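Just below is one structure, and these are the notes that go with it.
There are 2 protein chains.
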Amino acid sequence: MSSTDPRVTVLSGGGGGAKLAHGMARAVVDLTVVVNTADDAVVYGLSVSPDLDTVMYTLAGLANRETGWGVGGDTFTTLDAMTRLGEDTWFRIGDQDLATNVVRTARLRAGARLSEVTGQLAAALGVRASLLPMTDDRVATVVDTDVGRLGFQEYFVGRRHQDEVRGIVLDGVEEARPAPGVLEALTAADVVVVGPSNPFVSIGPILAVPGVRDALAGTSARRVGVSPIVGGRALKGPAAAMLTTLGHETSALGVARLYTGLLDLYVIDEQDRHLAAEIEALGLPVTVLSTVMDDPDDRERLARELLDAARG
Amino acid sequence: MSSTDPRVTVLSGGGGGAKLAHGMARAVVDLTVVVNTADDAVVYGLSVSPDLDTVMYTLAGLANRETGWGVGGDTFTTLDAMTRLGEDTWFRIGDQDLATNVVRTARLRAGARLSEVTGQLAAALGVRASLLPMTDDRVATVVDTDVGRLGFQEYFVGRRHQDEVRGIVLDGVEEARPAPGVLEALTAADVVVVGPSNPFVSIGPILAVPGVRDALAGTSARRVGVSPIVGGRALKGPAAAMLTTLGHETSALGVARLYTGLLDLYVIDEQDRHLAAEIEALGLPVTVLSTVMDDPDDRERLARELLDAARG
Chain A
157 MSSTDPRVTV
167 LSGGGGGAKL
177 AHGMARAVVD
187 LTVVVNTADD
197 AVVYGLSVSP
207 DLDTVMYTLA
217 GLANRETGWG
227 VGGDTFTTLD
237 AMTRLGEDTW
247 FRIGDQDLAT
257 NVVRTARLRA
267 GARLSEVTGQ
277 LAAALGVRAS
287 LLPMTDDRVA
297 TVVDTDVGRL
307 GFQEYFVGRR
317 HQDEVRGIVL
327 DGVEEARPAP
337 GVLEALTAAD
347 VVVVGPSNPF
357 VSIGPILAVP
367 GVRDALAGTS
377 ARRVGVSPIV
387 GGRALKGPAA
397 AMLTTLGHET
407 SALGVARLYT
417 GLLDLYVIDE
427 QDRHLAAEIE
437 ALGLPVTVLS
447 TVMDDPDDRE
457 RLARELLDAA
467 RG
Chain B
157 MSSTDPRVTV
167 LSGGGGGAKL
177 AHGMARAVVD
187 LTVVVNTADD
197 AVVYGLSVSP
207 DLDTVMYTLA
217 GLANRETGWG
227 VGGDTFTTLD
237 AMTRLGEDTW
247 FRIGDQDLAT
257 NVVRTARLRA
267 GARLSEVTGQ
277 LAAALGVRAS
287 LLPMTDDRVA
297 TVVDTDVGRL
307 GFQEYFVGRR
317 HQDEVRGIVL
327 DGVEEARPAP
337 GVLEALTAAD
347 VVVVGPSNPF
357 VSIGPILAVP
367 GVRDALAGTS
377 ARRVGVSPIV
387 GGRALKGPAA
397 AMLTTLGHET
407 SALGVARLYT
417 GLLDLYVIDE
427 QDRHLAAEIE
437 ALGLPVTVLS
447 TVMDDPDDRE
457 RLARELLDAA
467 RG
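In order, the protein sequence lines correspond to chains A and B. Residue numbers for the first sequence follow my numbering, beginning at 157 and rising by one. Residue numbers for the second sequence follow my numbering, beginning at 157 and rising by one.
As structure tokens, this is what we get:
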């Protein structure tokens, strides 16, 4: 790969992956981010794409850094008015964020593909990276819990991921096709980064879209994974709890095992340095970095260190 | 009819009819407002019902009295964000107003009828009157102009009713059925008021729904029309211009002729006192009142004077 201008593709959900994608966007010119859409849903009649929007807002510098979703400083005038109208407003959408959802819904209803609309929205917000949904087709993560089968947003937002997850179903994924550009982004990249996102409900769905896992397995790109688990815990969200209840080791090692054969390098946090030998015993070289990203500079620092390690 | 508690039904569009309905809501307990829905449209993928919402907001005391549409003091955060996203935001919807449209659209998509949703929304806003769309079916006013055939909102909002109207088509009206309660509201009322709304694009569509004109023709209620034309002009909107371009006299008399056989009494403004004899020559008794409604007290004053005249 070119040392000055590598082509980088990041696979991402809405959490740590979005932050690393942001750092990468500051580090390289040619960036594609392939984003999970299996937690997309229809809420209030609107087609919401939480991970796509989190990545888009993060890359545009608009994200709400306190909450991890939505637009920073957004107001909730419409949602409050919807509450007064008797609507159960369990899913919070701010006024600016609502604009994204209204425009997306209208354009999808008018026949546009999600990938087209995503490109239009991201461009309008000044995002230079190529932002791709994993698919234009409907895939819906459903989780089996002790209270029954729940749609992902019901589990994640509605019940604040309090329920133990016994199983995960990616409804529709067998029929889904990769969105235009997704396979090319994997095969033509110099570096593919599997972001520090939930391996089951963020990265898992992307890899489950027919063709994607094979493209990642077969690419000549350097494939670098970043552990979403640091010190046995997820920085945000239910990844650690899912590892436990789904029968995996709740650690960076447990995640590494899930990506067997798909990575050339695995980045773990300094806190997990003691796991390096055991992960390398899987045949997966390890680089230890400071992976907790506090601010944009830190995200860029990690992106650059990751690229250096990928070259090494 | 009972002199203390008449049952009143008002036919209304979004302008003067809404104001008179508001006055009537302050004057009587048992009020039904049957509202034009032929200027409903899908804008930004949302099912907008401009006349229903204007009447609802007016009755709830929430209407924007400067503009005549939307919610007073509303903000436009979402619409501004939609503009930034590249959407052509020609149709202004404020943030609180948007809530109404999002909730309506979601409920309609979930299978509810417009009349159900309207009842829910109005009740949530504290409206005690029964607010009925003329129909739950789709009817769309289309106007023929020198620049071609235009959808109503395109003509009215998009092009600010600048084009001369050569003809009006009420697409779908032959197949439409009156919404539940509409015919009963006409047949069981003590007084039916044909509000001071546009006779072609507000009252006309209501009367064109199969069964409505016959119900009005056959009711035992006292039927009172209020001229939307004062001094040869409409207080708001294109009613006067339409009278002219569609070949009618541009006056309270011209409107009266359109309602031949449907009214027992016609209310004209003091400015039009000179037209009384000519209107009465049509066989339609006239009452002269001050019909320009400045504030809620004035609306109530007109409503009470109208009811007194209907009794007389």
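Positions of the beta carbon are idealized from the N, C-alpha and C atoms, including for glycine. All values derive from a computational prediction rather than experimental measurement.
Name the chain B residues that come within less than 7 Å of A:L277, Cβ to Cβ?
Taking the first sequence and counting its residues from 1, one reaches residue 277 of chain A at position 121. In chain order: L241.
Which residues does DSSP list as the beta-bridge partners of B:R144?
Lying before the first or after the last residue shown, residue 144 of chain B is absent from chain B, which here runs from 157 to 468.
For a contact defined as C-beta to C-beta under 9 Å, what are the partners of B:Q252 on chain A?
For this step, residue 252 of chain B is matched to residue 96 along the second sequence. Simply T233, T234, D236, A237, R240.
DSSP three-state call for B:R457: helix, strand or coil?
Start at 1 with the first residue of the second sequence, and residue 457 of chain B comes out as number 301. In the structure shown, B:R457 sits in a helix (DSSP, three-state: H, G or I).
For the 8 Å Cβ check, are there 3 or more pairs between the segment 292-308 of chain A and the segment 323-339 of chain A?
yes
Compare the beta carbon distance of B:A466 and B:R378 with 9 Å and say whether it is the shorter of the two.
Sequence index remark: in the second sequence, residue 466 of chain B carries index 310 (1-based). Sequence index remark: in the second sequence, residue 378 of chain B carries index 222 (1-based). Yes, they are a contact pair.
So what's B:D428 in DSSP terms, helix, strand or just coil?
Indexing the second sequence from 1 puts residue 428 of chain B at position 272. Here B:D428 sits in helix by DSSP.
Considering Cα atoms alone, identify which of B:G217, B:R269, B:V273, B:G226 is closest to A:L241.
Position 85 of the first sequence, counted from the first residue, corresponds to residue 241 of chain A. When each option's Cα is compared against that of A:L241, the closest is B:V273.
Below 7 Å CB to CB, which residues in the same chain sit around A:E461 once its five sequence neighbours on both sides are set aside?
Position 305 of the first sequence holds residue 461 of chain A. Its chain contains L445 as the residues whose beta carbon lies nearer than 7 Å to that of A:E461, once the 5 sequence neighbours on both sides are disregarded; these appear in chain order.
Among A:L306, A:R333, A:R316, which has the Cα closest to the Cα of A:R322?
Residue mapping note: residue 322 of chain A aligns to position 166 of the first sequence, counting from 1. Among A:L306, A:R333, A:R316, the Cα nearest to that of A:R322 belongs to A:L306.
Fully enclosed by the segment 241-319 of chain A, which alpha helix (DSSP H) runs are 4 residues long or longer?
Counting whole runs of 4 or more residues, the segment 241-319 of chain A contains the alpha helix (DSSP H) stretches 251-265, 270-280.
The alpha helix (DSSP H) spanning B:R413 covers which residue range?
Counted from its first residue, the second sequence places residue 413 of chain B at position 257. It spans 408-414 - the alpha helix (DSSP H) in which B:R413 sits, taken as one unbroken run.
Give me the chain A residues within the contact set of B:G393, using Cβ-Cβ distance strictly less than 7 Å, ordered along the chain.
On the second sequence, residue 393 of chain B is found 237 positions in, with the first residue counted as 1. By Cβ distance, chain A contributes nothing, its closest Cβ being about 27 Å from B:G393, past 7 Å.
Taking 9 Å as the threshold (beta carbon to beta carbon), is B:R265 in contact with chain A?
If you number the second sequence from 1, residue 265 of chain B lands on position 109. Yes, B:R265 counts as interfacial toward chain A.
Near B:G387, which residues of its chain fall below 6 Å by C-beta distance, leaving aside the five closest residues on each side in sequence?
The residue labelled residue 387 of chain B in the question sits at position 231 within the second sequence. The answer, listed in chain order, is Q427.
Since A:V365 and A:I359 should fall inside the 8 Å C-beta cutoff, what is the C-beta to C-beta distance between them, to a whole number of angstroms?
Residue mapping note: residue 365 of chain A aligns to position 209 of the first sequence, counting from 1. Residue mapping note: residue 359 of chain A aligns to position 203 of the first sequence, counting from 1. Contact between A:V365 and A:I359 fails: their C-beta atoms lie close to 11 Å from each other, not under 8 Å.
Looking only at C-alpha atoms, which of B:L187, B:F232, B:S168, B:A174 sits nearest to B:D161?
The count along the second sequence starts at 1 and reaches residue 161 of chain B at position 5. When only C-alpha atoms are compared, the closest one is B:L187.
Does chain A have any CB closer than 9 Å to the CB of B:A197?
By one-based count along the second sequence, residue 197 of chain B stands at place 41. No, no contact with chain A.
If I'm right that B:D251 touches B:T231 with Cβ under 8 Å, what's the distance once you round it to whole angstroms?
Counting from 1 along the second sequence, the entry for residue 251 of chain B is found at position 95. Counting from 1 along the second sequence, the entry for residue 231 of chain B is found at position 75. That pair is a contact at about 5 Å.
DSSP three-state call for B:T165: helix, strand or coil?
Position 9 of the second sequence, counted from the first residue, corresponds to residue 165 of chain B. Strand, per DSSP.
What are the start and end residues of the beta strand (DSSP E) that includes A:D450?
As a working note, residue 450 of chain A is residue 294 in the first sequence. Premise fails: A:D450 is in no beta strand (DSSP E) and is neither H nor E.
Does the segment 302-319 of chain A come into contact with the segment 419-436 of chain A, if we say contact requires no fewer than three beta-carbon pairs (one atom in each stretch) closer than 8 Å?
Judged by pairs of C-beta atoms under 8 Å, the segment 302-319 of chain A does not touch the segment 419-436 of chain A, as fewer than three such pairs exist.
Taking Cβ to Cβ, would you say B:L254 is nearer than 9 Å to A:V258?
Working through the second sequence from its first residue, we reach residue 254 of chain B at position 98. Working through the first sequence from its first residue, we reach residue 258 of chain A at position 102. A contact, by the Cβ cut-off of 9 Å.
Under a Cβ-count criterion, where at least 16 other Cβ atoms within 10 Å of its own Cβ denotes burial, should A:E436 be classed as buried or exposed?
Walking along the first sequence from the start, residue 436 of chain A turns up at place 280. Exposed is the call here.
Looking at the secondary structure, which residues open and close the alpha helix (DSSP H) in which B:A371 lies?
The residue given as residue 371 of chain B occupies position 215 in the second sequence. Element bounds for B:A371: 368-374.
Is there a C-beta anywhere in chain B that falls below 9 Å from the one on A:S158?
In the first sequence, residue 158 of chain A corresponds to position 2, counting from 1. For A:S158, the predicted structure reports a pLDDT of 47, less than 50, and the residue's modelled location is therefore unreliable. A value from the coordinates is still provided. Output row for A:S158: interface = no.
Is the beta carbon of B:V448 sitting closer than 9 Å to the one on B:D425?
Sequence index remark: in the second sequence, residue 448 of chain B carries index 292 (1-based). Sequence index remark: in the second sequence, residue 425 of chain B carries index 269 (1-based). A contact, by the Cβ cut-off of 9 Å.
When the cut-off is 9 Å and only beta carbons count, does B:A262 lie next to chain A?
Counting from one through the second sequence, the residue named residue 262 of chain B turns up at place 106. Interface residue, yes.
Going by beta-carbon coordinates alone, are B:A197 and A:Y200 separated by less than 9 Å?
One-based indexing of the second sequence puts residue 197 of chain B at position 41. One-based indexing of the first sequence puts residue 200 of chain A at position 44. No. Outside cutoff.
At which residue ranges does the segment 345-369 of chain A contain complete alpha helix (DSSP H) runs of 4 or more residues, listed in the order of the chain?
359-364
With DSSP as the reference, label A:P206 as helix, strand or coil.
Here the question's residue 206 of chain A lines up with position 50 in the first sequence. If DSSP states are grouped into helix, strand and coil, A:P206 belongs with the helices.
Under 7 Å between beta-carbons, which chain A residues line up against B:T274? List them in chain order, please.
The sequence position of residue 274 of chain B within the second sequence is 118, counting from 1. None at all; the shortest Cβ gap to chain A is about 12 Å.
If we count the other Cβ atoms within 10 Å of its Cβ and call it buried at 16 or more, is B:W246 buried or exposed?
Against the second sequence, residue 246 of chain B aligns to sequence position 90. Exposure of B:W246 is indicated by the presence of fewer than 16 other C-beta atoms within 10 angstroms of its C-beta.
Using the rule of at least 16 other Cβ atoms within 10 Å of the residue's Cβ for burial, across every protein chain shown, is B:R455 buried or exposed?
If you number the second sequence from 1, residue 455 of chain B lands on position 299. Under this definition B:R455 is a buried residue.
Using DSSP's beta-bridge definition, name the partner residues of A:T443.
Translated into positions along the first sequence, residue 443 of chain A becomes position 287. Beta-bridge pairing links A:T443 to A:V423.
For A:A181, which of helix, strand or coil comes out of DSSP?
Taking the first residue of the first sequence as position 1, residue 181 of chain A is located at position 25. DSSP, reduced to helix, strand and coil, places A:A181 within a helical segment of the structure shown.
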